[in-house]
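The structure under discussion appears below in the form of structure tokens.
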Amino acid sequence: MFLFRKRPAMPAPADALPGRPTPIPTAETHVVNGNPLKGPYPPGTGTIVLGLGCFWGAERRFWQLPEGVFVTAVGYAGGYTPNPTYEEVCTGRTGHNEVVLVAFDPAVLPLEAVVRTFFESHDPTQGMRQGNDVGTQYRSGIYTVGPDQDAAARSVRAAYAEALKARGFPDVTTEIRPLEQFYFAEAYHQQYLAKNPAGYCGLGGTGVSCPVGAGVAA
15 MFLFRKRPAM PAPADALPGR PTPIPTAETH VVNGNPLKGP YPPGTGTIVL
65 GLGCFWGAER RFWQLPEGVF VTAVGYAGGY TPNPTYEEVC TGRTGHNEVV
115 LVAFDPAVLP LEAVVRTFFE SHDPTQGMRQ GNDVGTQYRS GIYTVGPDQD
165 AAARSVRAAY AEALKARGFP DVTTEIRPLE QFYFAEAYHQ QYLAKNPAGY
215 CGLGGTGVSC PVGAGVAA
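Residues 15 to 232 in the numbering used here are what the sequence shown spells out, letter by letter.
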């Protein structure tokens, strides 16, 4: 992943790659649990899209939660190029982030616990990077569905920012904004580390516990 180091600055919309009008092919089912990647999801299922570095390791962190997750999928969001490919995202000219779609049962796994897992699984103070992975596609981001999700995400971010500040970390750089579009990544990226257990994972947290949702997303 870190072989594709590009400028850590968002392109202007007018400079973004044109993309394509139709989705790129992807997998149909989740390799780990067999559930449909694109749905239909059970009634009452919540979805949220999260960017926290290389999406291989990020996705595994959520499918490994002990309960409440129906399906996870990797893809691209937060940018301008419609239906981008992985190679296009890696150029830094799409504006997209490498992200994970998490479909979960909020009655079993509250949204705050999902967001807590997100924050504890990476360093949200690094800007356009995670460790050795540098570029706009590795930025910390939460892409929400509806005002309730937005408010909850901002509340958890504020609480974690205070916890990090107390431990000497710089300001949190996590962007939070409404999800405009989630584009599924290519089939070989889906549940990559389940298919390739020795594959690359550059994910690493700060070691600081998030004070929201404790005891739920362990």
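Here a beta-carbon is modelled for each residue, glycine too, at the ideal position from N, C-alpha and C.
No experiment lies behind these values; they were computed from the predicted model shown.
Uninterrupted alpha helix (DSSP H) stretches inside the stretch 55-127 (no shorter than 4 residues):
69-77 and 100-104
Between the Cα of Ala173 and the Cα atoms of Asp162, Pro161 and Val186, which residue gives the shortest distance?
Mapped onto the sequence shown, residue 173 falls at position 159. The candidate whose alpha carbon is nearest that of Ala173 is Val186.
Could you work out which residue in Pro124, Ser135 and Ala87 is closest to Arg75 when comparing CA atoms only?
Working through the sequence shown from its first residue, we reach residue 75 at position 61. For the residues Pro124, Ser135 and Ala87, the minimum Cα distance to Arg75 belongs to Ser135.
Quick one, are the C-beta atoms of Ile156 and Val63 less than 9 Å apart?
Within the sequence shown, residue 156 is the residue found at index 142, counting from 1. Within the sequence shown, residue 63 is the residue found at index 49, counting from 1. Contact: yes.
Quick check on DSSP: helix, strand or coil for Arg181?
One-based indexing of the sequence shown puts residue 181 at position 167. In the structure shown, Arg181 sits in coil (DSSP, three-state: anything other than H, G, I, E or B).
Enumerate in chain order the residues of its own chain whose CB-to-CB distance from Gly60 is below 6 Å, with the five nearest sequence positions on each side excluded.
For the purposes of this step, residue 60 is taken as residue 46 along the sequence shown, with counting starting at 1. Cβ neighbours of Gly60 beyond the five flanking positions: Phe118 and Pro120.
Taking the beta strand (DSSP E) that Tyr157 falls in, what are its first and last residues?
Taking the first residue of the sequence shown as position 1, residue 157 is located at position 143. Tyr157 -> beta strand (DSSP E) spans Ser154 to Thr158.
Report the option in Gly160, Asn97 and Gly71 whose CA atom is closest to the CA atom of Gly145.
By one-based count along the sequence shown, residue 145 stands at place 131. For Gly145, the nearest C-alpha among the options comes from Gly71.
Best match in Gly218, Ala87 and Thr139 for proximity to Ala177 [C-alpha to C-alpha]
The residue you call residue 177 lines up with position 163 of the sequence shown. Cα-wise, what sits closest to Ala177 is Thr139.
Quick check: the Cα distance between Leu79 and Arg153, rounded to an integer number of angstroms?
Translated into positions along the sequence shown, residue 79 becomes position 65. Translated into positions along the sequence shown, residue 153 becomes position 139. The alpha-carbon atoms of Leu79 and Arg153 are separated by roughly 23 Å.
Bridge-paired residues (DSSP) for Asp147
In the sequence shown, residue 147 corresponds to position 133, counting from 1. Bridge partners of Asp147: Gln144.
Sorted by chain position, which residues of the same chain lie with C-beta nearer than 7 Å to Ala167's C-beta, five sequence neighbours on each side aside?
Taking the sequence shown and counting its residues from 1, one reaches residue 167 at position 153. If we look at Ala167 and ignore the five residues flanking it on each side, its Cβ neighbours are Val129, Ile156, Thr158 and Ile190.
Counting only the same chain and skipping the five closest in sequence on each side, list residues whose C-beta sits under 7 Å from that of His110.
On the sequence shown, position 96 is the one that residue 110 refers to. Excluding residues within five positions, the ones whose Cβ falls inside 7 Å are Tyr90, Ala91, Gly92, Gly93, Thr95, Pro98, Val103 and Gln151.
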